[in-house]
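Numbering (the working numbering), first residue to last: 1 to 284.
By construction, the Cβ of each residue, glycine as well, lies at the ideal position given by its N, Cα and C atoms.
Here it is, written out as structure tokens:
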């Protein structure tokens, strides 16, 4: 019972403080995500944990709710995105630049600034710098999405480009990380890499096709039939089940779960259910 009581206490504190941070940061005309980040820094190991040596919240609990929140957020963003704009030449170019620049400059900075004596006995300065560069290619898709949504810019072309490029970026980062890990171990296998990348691309293609021609029709039908029976949220619940399924598959094939959630949301963006789904997921 003690564990359950602690869960309730922590959720109460988190929700109240998060709401307070929203009101505070809005007075400075900043996105609410900024207030949440500042609050997290203050309550996490960087401030309270460092200076007072205490842990206010269970890290596993925070990580779980953060993952759920990111999935709901990217589902909403997907609802606002035209899936036809994802795999465009512009998005591929933007994503390529977003991967290449951090990779190159991160590698150079680590290689030139970190002394060889600080590298572990099992690694080399080159592999260490390569890992630093690869790490910096990761995108903060959820943060960018939250800012764009909060500013009401999701329908703007620049937002569509950012979100489309983020999906492409995730695939490129997967390729780079696989190359770096294989190189560091001296076991780079082109066949395994090809299978990994091919599986990720197949998920995006097949997931979109199956979603558009099957899942979307099923959800709309369930919603229509449910309304006749007084069940207002039947379609939304099934849509969320599909979202978690896509998030799960995305993780399995090596992509981020939020890419799967974004893909699932984009399936329903062109349906009459978009507004209801946006409101429902927004509350979650």
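With contacts defined by Cβ atoms closer than 8 Å, residue 179 and residue 254 do not form a contacting pair.
In the DSSP annotation of this structure, the continuous segment of the alpha helix (DSSP H) that includes residue 51 starts and ends at 48–52. Annotation for residue 193: the continuous alpha helix (DSSP H) segment containing it runs 190–210.
In this structure, the alpha-carbon of residue 258 lies about 6 Å from that of residue 247. Annotation: residue 225 to residue 96 spans about 45 Å, alpha carbon to alpha carbon.
The DSSP-derived three-state label of residue 227 is helix. Within the model, the alpha-carbon separation for residue 231 versus residue 38 is close to 40 Å. Per DSSP, the unbroken alpha helix (DSSP H) holding residue 61 starts and ends at 59–79. Note that the C-beta distance between residue 170 and residue 256 is below 8 Å. A straight-line Cα-Cα distance of about 14 Å links residue 152 and residue 79. Non-local beta-carbon contacts of residue 148 in its own chain, meaning distances under 6 Å to residues more than five positions away in sequence, involve 154, 159 in chain order. Residue 235 holds the alpha-carbon nearest to the alpha-carbon of residue 280 among 27, 46, 235. In the three-state reduction of the DSSP assignment, residue 45 falls in the coil class, being assigned neither a helical nor a strand state.
Here residue 136 has 102, 106 as same chain residues with Cβ atoms under 6 Å from its own Cβ, once five neighbours each way along the sequence are excluded.
The shortest CA-to-CA distance from residue 125 to any of 110, 139, 138 is the one to 110. For residue 111, the enclosing alpha helix (DSSP H) has its first and last residue at 89–113. The shortest C-alpha to C-alpha distance from residue 31 to any of 12, 134, 194, 144 is the one to 144. The criterion of a C-beta distance shorter than 8 Å is satisfied by residue 76 and residue 282. Taking the Cα positions, residue 241 is about 16 Å away from residue 276. Between residue 139 and residue 194, the C-beta gap is not smaller than 8 Å, which leaves the two residues out of contact.
Less than 8 Å divides the Cβ of residue 73 from the Cβ of residue 146. Secondary structure at residue 161: helix, using DSSP grouped into helix, strand and coil. With respect to residue 34, residue 25 sits close: the two C-beta atoms are nearer than 8 Å.
Per DSSP, reduced to three states, the secondary structure at residue 217 is helical. When rounded, the separation of the alpha-carbon atoms in residue 88 and residue 205 is 14 Å. In the three-state reduction of the DSSP assignment, residue 274 falls in the helix class.
Of 114, 118, 11, the smallest CA-CA separation from residue 57 is found for 11.
For residue 140, there is no enclosing alpha helix (DSSP H), as DSSP marks it with neither H nor E. Secondary structure of residue 266 (DSSP, three-state): helix.
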